[in-house]
Structure formats: C-alpha cells, structure tokens
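First the structure, in the form of structure tokens, and then the observations on it.
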Amino acid sequence: MSRNTVFPNIDGSIPVGGKTVLSSASFIRPNNTTAYDAKDAVANNAAGAALLIFTNVAVKNGGSGYITKLRLFTSQSTNVAQYRLQLYSAAPTSVNDNAAFTLLIANQEKRVGFIDVGPANTEGTGSDSANALNTDIRLPFVCAAADRKLYGILETLTAFTPAALQTFFIELTVEQN
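Each residue of the sequence shown is one higher than the one before, starting from 544 at the first, in this note's numbering.
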C-alpha cells in the first residue's frame, strides 16, 4: 500500500498542483512588403512597435512556471521563415518592425530567454496560412513581482519578403507552478 504525504506551505495552506494554460498574442505587421534581413524584429509598427504580451501565464503576481510549447501562425501561406521569440518577465524596450533586434545588457534581469521555431510551412493547395511548432521546450520563468505576464519580441532568423498587413499569431503553452 502506498501513502501520499502532503506537506503544508509555510503559511499553513495545502499546496495545489500546477495546471496547463494557453496564452496568445497577435499582431498585424505594416502595410508594406519591405524584405526582412535575418535577425530583424517583426512587429506591428516601424516606429513605436508594441510588445507581444502573454497574459495570465502565472497563477499569481511574481508566479512561475515552464513554457512547454510555442505555436506560430501567419497569414502568408508561402512563408517558410524561421523565427525566434525573445521573452521577458518585465517590459523591455521594444524593437521597431524591420529593425535589427538588439540584445541589451539593461534587460539582463528581466530576460527569460528565447524559443526558436520554424521553418514555417503550409499544408495543401488552398491553404491561407503557414505555421510552425516547437514542442521541445521546457523554459522556466518567473514573472515580475507585480505581474502575471510575459513580454515578447518576435525576430526572424532568416531573410524573407513579407506580405502587406501580414498577420502573426503566437501561442504559448505554459505549465503554471
């Protein structure tokens, strides 16, 4: 006969196991077809780009967990680029669309890491999107003390020519602690 022992938390409460949640962010890139170089940011604006915000990735402010999957969809069915999602526990300085991604020492305390995905691919004739998936992830994170979110910047790892007003959808699968 086996016996499970539950040890209470410091505050006397009984610990509850984590759960898996999905958190997504999406954006539409600018209305142009200016080619990207490898290592450029892909964003919603060439001036004042918004960060990708993944909400409720932690159970509580300052919470933690693991990212276990990244799913990317884009509305350009011929897109075969590879991407890197840079992740942060607090908002870093954004990088404008089609500008070189810059890794800054000022962000060292809030940088969680990155996840590579791709090359993107499409399915049969008539598909209107391309997608990429990475399930080989176990990236730990801890949110900022007053936050339950992660912040992201999408970077292309390969040069490609985008579609005007191309849509991007990124979903994280998260195991919350």
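Cβ coordinates follow ideal geometry from the N, Cα and C atoms, glycine included. From a predicted model like this one, the values you see are computed outputs, not experimental measurements.
Under the assumption that Leu594 contacts Thr716 (Cβ atoms under 8 angstroms), give the Cβ distance between them as a whole number of angstroms. For the purposes of this step, residue 594 is identified with residue 51 of the sequence shown, where counting begins at 1. For the purposes of this step, residue 716 is identified with residue 173 of the sequence shown, where counting begins at 1. For a cut-off of 8 angstroms, the C-beta gap from Leu594 to Thr716 is around 20 angstroms, too long to register as a contact.
According to DSSP, what are the bridge partners of Lys612? Within the sequence shown, the letter at position 69 stands for residue 612. DSSP lists Thr716 as partners of Lys612.
I'd like the list of long-range same chain contacts for Gln625, defined as Cβ closer than 6 angstroms, with 5 residues on each side in sequence excluded. For the purposes of this step, residue 625 is identified with residue 82 of the sequence shown, where counting begins at 1. Gly661, Pro662, Leu700, Thr701, listed in sequence order.
So which of Asn641, Thr704, Lys582 has the shortest CA-CA distance to Ala592? The residue given as residue 592 occupies position 49 in the sequence shown. Nearest of Asn641, Thr704, Lys582 to Ala592, Cα basis: Asn641.
At the level of alpha carbons, what is the spacing between Gly605 and Cys686? Taking the first residue of the sequence shown as position 1, residue 605 is located at position 62. Taking the first residue of the sequence shown as position 1, residue 686 is located at position 143. In a straight line, the C-alpha of Gly605 is about 5 angstroms away from that of Cys686.
To the nearest whole angstrom, what separates the beta carbons of Ser569 and Phe712, a pair I think is in contact under 8 angstroms? Residue 569 sits at position 26 when you count from the first residue of the sequence shown. Residue 712 sits at position 169 when you count from the first residue of the sequence shown. Right, their Cβ atoms sit about 4 angstroms apart.
Give every residue of the same chain whose Cβ lies closer than 8 angstroms to the Cβ of Arg691, excluding the five residues on either side of it in the sequence, and list them in chain order. In the sequence shown, counting from the first residue as 1, residue 691 sits at position 148. Around Arg691, the same chain offers Thr598, Asn599, Val600, Ala601, Val602, Lys603, Asn604, Gly606 as residues with beta carbons nearer than 8 angstroms, after the five sequence neighbours per side are excluded.
Minimum C-alpha distance to Leu615 - residue among Glu698, Thr665, Asn674, Leu682: Position 72 of the sequence shown, counted from the start, is the residue given in the question as residue 615. Ranking the options by Cα distance to Leu615, first place goes to Asn674.
Would you say Ile658 reaches chain C, if we count a Cβ-Cβ gap shorter than 9 angstroms as a contact? The chain inventory of the structure shown lacks chain C, comprising one protein chain alone.
In the structure shown, what three-state DSSP assignment does Ile680 receive? Locating residue 680 in the sequence shown gives position 137, counting from the first residue. DSSP places Ile680 in the coil class of the three-state scheme, outside both helix and strand.
Cα separation between Pro705 and Asp659? Against the sequence shown, residue 705 aligns to sequence position 162. Against the sequence shown, residue 659 aligns to sequence position 116. The C-alpha of Pro705 lies about 19 angstroms from the C-alpha of Asp659.
Would DSSP call Asn650 helix, strand or coil? Stepping through the sequence shown from its first residue, residue 650 is reached at position 107. Reduced to three states, the DSSP call for Asn650 is helix.
Grouping DSSP H, G and I as helix and E and B as strand, with all else coil, what is Asn664? Translated into the one-based positions of the sequence shown, residue 664 becomes position 121. Correct three-state label for Asn664: strand.
Own chain partners of Val638 with C-beta closer than 6 angstroms, once the 5 adjacent residues on each side are dropped: Here residue 638 refers to the residue found at position 95 when the sequence shown is read from its first residue. Contacts found: Ala584, Phe644, Ile696.
Tell me the residue span of the beta strand (DSSP E) that contains Ser569. On the sequence shown, position 26 is the one that residue 569 refers to. DSSP places Ser569 inside the beta strand (DSSP E), whose first and last residues are 563 to 571.
For Glu718 and Ser567, believed in contact at Cβ under 8 angstroms, the rounded distance: Within the sequence shown, the letter at position 24 stands for residue 567. Within the sequence shown, the letter at position 175 stands for residue 718. With 8 angstroms as the limit, Ser567 and Glu718 do not qualify as a contact, their Cβ atoms being about 16 angstroms apart.
Looking only at its chain, what residues have a beta carbon closer than 7 angstroms to the beta carbon of Asn622, apart from the 5 residues adjacent to it on each side? Counted from its first residue, the sequence shown places residue 622 at position 79. For Asn622, the CB contacts under 7 angstroms within the same chain, skipping 5 residues up- and downstream, are Ala663, Ala673, Phe703 in chain order.
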